[in-house]
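Enquirer:
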Amino acid sequence: MPADFASLILSLATAAQSVLEKDRPQAQYHIDLLGVLAEKTKGNLSPEEEKLLQALLYDLRMRFVEAKPVS
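Numbering (the numbering used here), first residue to last: 219 to 289.
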């Protein structure tokens, strides 16, 4: 797989997903990193990259809200 923007954001999304129910602060950190990338790259992404980033952020944020914290 080539080192590109899609690979970067997919790896961050995978990291967030893998700890979503086990380590909520760590999941939030990865989601926040994706948010920073979205903010800092606004207007500089291809339409496909923008769509992927926004879809990942939406999905992860919804899963974060719905995830049950570990007791």
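Glycine is no exception: its CB is placed at the ideal position from the N, C-alpha and C atoms.
All values derive from a computational prediction rather than experimental measurement.
#1: Is it buried or exposed for alanine 221, if we count other Cβ within 10 angstroms and need 16 for buried?
#2: Taking only the alpha-carbon atoms, compute the straight-line gap between glutamate 267 and alanine 224 and give it to the nearest angstrom.
#3: Could you check if alanine 285 is buried or exposed, using at least 16 other CB atoms within 10 Å of its CB as the buried criterion?
#4: Here's the rule: buried if 16 or more other CB atoms are within 10 angstroms of the residue's CB, otherwise exposed. What is alanine 273?
#5: Which residues in the same chain have their Cβ closer than 6 Å to the Cβ of alanine 234, if we skip the five residues on either side of it in sequence?
Expert: To lay it out plainly:
#1: exposed
#2: 7 Å
#3: exposed
#4: exposed
#5: Ala245, His248, Ile249 and Leu278
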